[in-house]
Every structure is written in structure tokens, then in C-alpha cells.
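Remarks on the structure that follows.
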Amino acid sequence: KAAVRVLEAAGVDVALADRTDSGRPAHSKGFLEKSRRTAEANVDALAPRIEEGWDVVVVEPSDAVMFQSDYLDLLSGDAVETVAANSYGVMEYLDAFGLDAALPTRDVDESLTYHGHCHQKAVKKDHHAVGVLRRAGYRVDPLDSTCCGMAGSFGYESEHYSMSKAIASILYDQVDGSFGETVVAPGASCRTQLDDHADRVRTPVEMLDRALR
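Using UniProt numbering, the letters of the sequence shown correspond one by one to residues 1 to 213.
This is how it looks when you write it as C-alpha cells:
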């Protein structure tokens with residue numbers, strides 16, 4: 001809901017997709033055929049809409065990168081290339097097209113600790129959220145952090161729990177050393193891990209929504 005409010009406030013026409021599964025969970029666990037079938041269904045549904053002038057905007061970073069990058073490994077052809085080239089994370093979309101400049105934001109007096117998402121870092125798209133949040137008036141401390149230790153379902157698995165928490169402890173120390181009042185992380189898995197250490201962790205687009213007048 002926050003993403004829809006922000007996009008509409010920036011003057012973007014929003015239509016919600018009927019399908020919401022990107023194929024990321026199956027892909028991450030090695031079920032490539034299942035993931036490929038999901039990718040095919042999404043490309044079949046989205047490519048015609050893109051030809052009509054729509055863009056694909058995704059809130060969850062791992063899903064966005066799935067559309068932008070991993071689909072190109074699973075499928076070939078003009079349709080998947082069209083979808084990949086016209087898919088964006090929500091903060092990337094606002095930043096890449098300068099749409100946040102149109103947002104009616106109020107004066108904010110809040111500092112944020114920002115933990116970026118590994119998938120976005122891998123494709124060099126992690127910087128967009130920090131820039132947009134700073135232009136909205138927030139003071140942002142982007143952590144030089146690595147994996148939170150959750151990594152999708154990894155941290156939920158009993159055989160990996162201790163390792164997951166050991167990795168998380170490094171991130172927790174970085175959070176404790178940051179000046180931010182509110183912890184922000186775009187990824188759902190990261191927020192789950194951080195929720196064990198901080199008060200409710202927000203997404204970047206939630207904070208942008210909060211800054212709207």
C-alpha cells in the first residue's frame with residue numbers, strides 16, 4: 001500500500017498485477033524448472049503490457065532482480081528481454097526517472113540506518129534507496145554490511161540456525177554503532193532477521209510514504 005501511495009503521489013498510474021510469484025523461492029532452492037514455468041507465465045502476462053507503455057515495478061528486491069536478471073538465465077527471446085529491460089525496484093524506479101522530485105514531502109527530522117539487499121548489491125542497484133530517502137529529508141547511514149544471515153529460508157532451517165545468527169551478530173553490531181533512529185531494510189528476509197534486534201524495521205518505501213504531506 002505504501003508503494004502504491006508513493007507512486008501515485010509521484011504521478012504514476014498504478015495497476016496491480018494478478019500474479020505475485022516471481023519464481024524466486026523455487027529458484028533459490030534449485031527448482032529451476034518450476035521457476036522457469038513461473039517466469040514464462042509472468043513474461044507472457046507482462047510483455048504485452050509493456051508494449052502498451054507500462055513498466056514493471058517491484059517492491060521486494062529479490063523479486064525485482066529476478067525479473068531484471070535471473071529471467072534472462074532461465075528464458076530467451078525478445079519477450080523476456082523486454083520484461084528484463086523494463087522492470088525496476090520501486091526505489092530504483094523513482095530515482096532513475098527523477099519521479100521523487102514531484103513528491104509532496106513534509107519536513108522530516110529523523111535519521112535512518114540502512115541495510116541494503118544482497119541481490120541489489122550484486123547488480124549495482126542498491127544506491128537508489130539511499131539517494132531518494134536523503135532527498136526526502138532523512139539523514140541516512142548506509143551500512144557497509146554483508147549478508148544478514150537469513151538468506152531466504154536459510155536462517156529458518158534448523159541445521160543453519162546457529163550459523164545464521166552468527167552472521168547476524170556482525171550486522172547487529174553495525175546497527176548498534178550507527179546513528180540511525182530507525183532501521184530500514186528493503187528485503188523481507190533481512191527485516192525478519194533484524195526484527196530480533198531492533199524495533200520494527202521499515203522498508204524504504206514505507207519511510208518515503210511517511211514523509212508525504
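Virtual Cβ for every residue (Gly too), placed ideally from N, Cα, C.
Among Gly30, Leu112, Asp55 and Ser178, which has the Cα closest to the Cα of Asp13?
Among Gly30, Leu112, Asp55 and Ser178, the Cα nearest to that of Asp13 is on Asp55.
Along the chain, where does the alpha helix (DSSP H) containing Asp63 start, and where does it finish?
Its alpha helix (DSSP H) spans residues Pro61 to Val65.
Report yes if the CB atom of Tyr114 is closer than 8 Å to the CB atom of Leu143, and no otherwise.
For Tyr114 and Leu143, yes; Cβs fall inside 8 Å.
Is Ala85 closer than 8 Å to Ala47 when the C-beta atoms are compared?
Not closer than 8 Å, so no.
Answer with buried or exposed for Arg202, where buried requires no fewer than 16 other C-beta atoms within 10 angstroms of its C-beta.
Buried, because 16 or more other Cβ atoms sit within 10 Å of the Cβ of Arg202.
Quick check: the Cα distance between Thr192 and Glu81, rounded to an integer number of angstroms?
Whole-angstrom Cα-Cα distance: 33 Å.
Just to confirm my understanding: we take Ser35, look at its own chain, exclude 5 residues before and 5 after, and list those with CB closer than 7 Å. What are they?
Once the five neighbours on either side are set aside, the close Cβ partners of Ser35 are Gly23, Ala26, His27 and Leu74.
Can you find the residues in the same chain that come closer than 6 Å, C-beta to C-beta, to Gln68, ignoring five residues on each side of it along the sequence?
Correct list, in chain order: Ala84 and Ser87.
I'd like to know if the region 150 to 165 and the region 121 to 136 are in contact, where contact means that at least 3 CB-CB pairs between them fall below 8 Å.
Not touching, per the Cβ criterion.
Taking only the alpha-carbon atoms, compute the straight-line gap between Val183 and Val140 and give it to the nearest angstrom.
Taking the straight line joining both Cα atoms gives about 10 Å.
Which term fits Pro186, buried or exposed, when burial requires 16 or more other beta carbons within 10 angstroms of its beta carbon?
It is buried - the Cβ of Pro186 has at least 16 other Cβ atoms within 10 Å.
Just the C-alpha distance for His128 and Lys29, rounded to the nearest angstrom, thanks.
Distance between the alpha carbons of His128 and Lys29 is about 28 Å.
With DSSP run on the structure shown, which of helix, strand or coil describes Tyr138?
Looking at Tyr138 - three-state DSSP - the assignment turns out to be coil, as it is neither helix nor strand.
Please name the residue, chosen from Ala211, Ala136 and Thr38, that lies closest to Gly98 on a Cα-to-Cα basis.
That would be Ala136, whose Cα lies nearest to the Cα of Gly98.
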